[in-house]
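Data block below; observations after.
Number of protein chains: 2
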Amino acid sequence: MPYVSEKNLGRLSLYRRLLNRLQAEGIRNIYSHELARMAGGTAAQVRRDLMAVGSLGSPKRGYSVRELIESIGIFLDAPHGEGAAIVGVGNLGRAIMAYFAGRRPRLSIVAAFDSDPSKVNRVIHGCRCYPVEDIERVVREEGVNVAIITVPAREAQATAETLVRAGVRGLLNFAPVPLRVGPDVYVEDIDMTMALEKVAYFARRGGAVEEITK
Amino acid sequence: MPYVSEKNLGRLSLYRRLLNRLQAEGIRNIYSHELARMAGGTAAQVRRDLMAVGSLGSPKRGYSVRELIESIGIFLDAPHGEGAAIVGVGNLGRAIMAYFAGRRPRLSIVAAFDSDPSKVNRVIHGCRCYPVEDIERVVREEGVNVAIITVPAREAQATAETLVRAGVRGLLNFAPVPLRVGPDVYVEDIDMTMALEKVAYFARRGGAVEEITK
DNA sequence: GTCACACTGTGAATTCTTTCACATACTATA
DNA sequence: TATAGTATGTGAAAGAATTCACAGTGTGAC
Numbered sequence: 005m006p007y008v009s010e011k012n013l014g015r016l017s018l019y020r021r022l023l024n025r026l027q028a029e030g031i032r033n034i035y036s037h038e039l040a041r042m043a044g045g046t047a048a049q050v051r052r053d054l055m056a057v058g059s060l061g062s063p064k065r066g067y068s069v070r071e072l073i074e075s076i077g078i079f080l081d082a083p084h085g086e087g088a089a090i091v092g093v094g095n096l097g098r099a100i101m102a103y104f105a106g107r108r109p110r111l112s113i114v115a116a117f118d119s120d121p122s123k124v125n126r127v128i129h130g131c132r133c134y135p136v137e138d139i140e141r142v143v144r145e146e147g148v149n150v151a152i153i154t155v156p157a158r159e160a161q162a163t164a165e166t167l168v169r170a171g172v173r174g175l176l177n178f179a180p181v182p183l184r185v186g187p188d189v190y191v192e193d194i195d196m197t198m199a200l201e202k203v204a205y206f207a208r209r210g211g212a213v214e215e216i217t218k
Numbered sequence: 005m006p007y008v009s010e011k012n013l014g015r016l017s018l019y020r021r022l023l024n025r026l027q028a029e030g031i032r033n034i035y036s037h038e039l040a041r042m043a044g045g046t047a048a049q050v051r052r053d054l055m056a057v058g059s060l061g062s063p064k065r066g067y068s069v070r071e072l073i074e075s076i077g078i079f080l081d082a083p084h085g086e087g088a089a090i091v092g093v094g095n096l097g098r099a100i101m102a103y104f105a106g107r108r109p110r111l112s113i114v115a116a117f118d119s120d121p122s123k124v125n126r127v128i129h130g131c132r133c134y135p136v137e138d139i140e141r142v143v144r145e146e147g148v149n150v151a152i153i154t155v156p157a158r159e160a161q162a163t164a165e166t167l168v169r170a171g172v173r174g175l176l177n178f179a180p181v182p183l184r185v186g187p188d189v190y191v192e193d194i195d196m197t198m199a200l201e202k203v204a205y206f207a208r209r210g211g212a213v214e215e216i217t218k
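In order, the protein sequences belong to chains A and B.
Residue numbers for the first sequence follow my numbering, so the first one is 5 and each next one is one higher.
Residue numbers for the second sequence follow my numbering, so the first one is 5 and each next one is one higher.
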């Protein structure tokens, strides 16, 4: 089980998605430089990243798309699939449920939670919505290890604490506040405000920077 | 106009948001280590980041919240505000429009586009929805420099090309495909599948990794 | 007015990431 | 079977980002 950095792992996830598309198109082999072009990186980086999953390429033929998907899967996926929970079934929460609905068989949203009684007990995008009071019970019962937080900013910290108490070890946080949790919990923030501000800044200056620094 | 890396800039955006909250609470001064704790970083990093905006701290008093917000604003914001466009008014697009509606005065969504005729000409979260055929005209008329892409994956590349042709220089891409655009266009990808897979992976191994590597 | 303290600003060191470059290996061809 | 050509896998170099550590400085106490 080799160590990989976050960036490494993110790219492996990306490669797998690109490879799945290639496979659907009937392509059976691929070179590192082709995959690099699709992913927007360099060939050396692709090969480096693939070292983590145990490289499988052959000269003159490149990598087998099928084998690569399989190896990345062994590396990335939980052995028997995994269920995630989502807390906060507002606009964003529902959109994310729709986004993930029926997409990845090995990692799907299995439970939703909201404090609004009008949402509770409804089935949204194929997923039952429970009251937030049931988080601990349902998370334990379903063995949920990972949760998505789409509650308003002021509720995010308390939500995170409840989830961690229930045994969740990974959080995908869409609320625009950094969460304070223990070191055994992994948090990934998706901060759309920050992202949009970055884009606006580099749209003004960034294009040039890249030219200049080269 | 000092150079800042993407990560630098992202953190400046985050600091500003934290500072705004502090200001609302009536706090007037703050130390680098306090800001670091809130942002989840180190004091040295906060100070380093603030060098970009011209440091303004004083020993014994730290930084003035008001001055810092102002300096970051001068550094980050377009001088006269900026309007963004969004293409793709599905579940995710609408959620994002709601998310940004009336939040940042200096950077707001001013036009939405969709190919579905039933959405066109409606006003959604305070923003007019135009047909995609009007992208070039509206983008030029409004002087839009930045766009958010929330169309299905297979339409993303063509959408990006249309936007760039119309003069957009920055893209925030929610579609799960890397966009291929010229070097003068800045692209930020928000890849929720990758993010969730990362969380699931590190929820299983990551907590331990951090312990072990320390 | 002077002293002691705690924090800032920043060169230097460290750590992490990416790229280079080449020895090795495989395939196709003749 | 030998040869030529091209891609892989990976040590080593280069480049970024982060952290260290300390000189400099403003403040409050006395």
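Glycine included, every Cβ here is placed at the ideal spot set by N, Cα and C.
Nothing here was measured: the structure is a model prediction, and the numbers come from that model.
DSSP places E201 (chain A) inside the alpha helix (DSSP H), whose first and last residues are M196 to R208. Counting only runs of at least 3 residues, the stretch 51 to 97 of chain B fully encloses the following beta strand (DSSP E) elements, listed from N- to C-terminal order: 86 to 91. Counting along the chain, no beta strand (DSSP E) covers G14 (chain A); the unbroken alpha helix (DSSP H) around it starts and ends at E10 to A28.
Contact check for V189 (chain A) against R169 (chain A) fails: the beta carbons are separated by 8 Å or more.
As the crow flies, the alpha-carbon of I31 (chain A) is around 9 Å from that of L23 (chain A).
The Cβ of G61 (chain A) sits no closer than 8 Å to any Cβ of chain B.
For P135 (chain A), the pairing in a beta bridge is given by DSSP as A:D118. For V168 (chain B), the enclosing alpha helix (DSSP H) covers residues A157 to A170. Any Cβ of chain A closer than 8 Å to the Cβ of N24 (chain B) would place that residue at the interface, and such an atom is absent. Our two residues, E146 (chain B) and P182 (chain B), have alpha carbons roughly 27 Å apart in a direct line. For the pair G106 (chain B) and S112 (chain B), the Cα-to-Cα distance works out to about 7 Å. Within chain B, no residue has its beta carbon less than 8 Å from that of S122 (chain A); the closest one is some 18 Å off.
C-alpha of G85 (chain B) to C-alpha of Y35 (chain B): approximately 29 Å in a straight line. For R21 (chain A), the chain B residues whose C-beta falls within less than 9 Å of its own C-beta are P180, V181, D195, T197 and M198, listed in chain order. The beta carbon of P135 (chain B) is closer than 6 Å to those of V124 in its chain, skipping five residues each way along the sequence. According to the DSSP assignment, A43 (chain B) belongs to the alpha helix (DSSP H) that extends over S36 to A43. Short of 7 Å from the beta carbon of V142 (chain A), and not among the five residues preceding or following it, lie these beta carbons of its own chain, in chain order: A115 and Y134. Taking C-beta atoms as the reference points, A179 (chain A) and N149 (chain B) fail to come closer than 8 Å. Short of 6 Å from the beta carbon of T154 (chain A), and not among the five residues preceding or following it, lie these beta carbons of its own chain, in chain order: G92, L96, G97 and F178. Taken atom to atom, the span from the alpha-carbon of M5 (chain A) to that of V57 (chain A) is near 9 Å.
For the pair Y103 (chain A) and M196 (chain B), the CB atoms are nearer than the 8 Å cut-off. Residue contact with chain B for S36 (chain A): absent (no Cβ-Cβ distance below 8 Å to any residue of chain B). The beta carbon of L72 (chain B) is closer than 6 Å to those of L23 in its chain, skipping five residues each way along the sequence. Comparing C-alpha distances from S68 (chain A) to each of A:L167, A:P121, A:N33 and A:E29 shows the shortest one belongs to A:N33. DSSP, reduced to helix, strand and coil, places V142 (chain A) within a helical segment of the structure shown. Considering only A:T46, A:D53 and A:Y7, the residue with the shortest C-alpha distance to R20 (chain A) is A:D53. Membership of V185 (chain A) in any beta strand (DSSP E) is not indicated, and neither H nor E is assigned to it by DSSP.
Secondary structure of A151 (chain A) (DSSP, three-state): strand. Following the DSSP letters along the chain, one finds G174 (chain A) inside the beta strand (DSSP E) bounded by residues G174 to N177. When DSSP reads this structure, I113 (chain A) sits in a beta bridge with A:A88.
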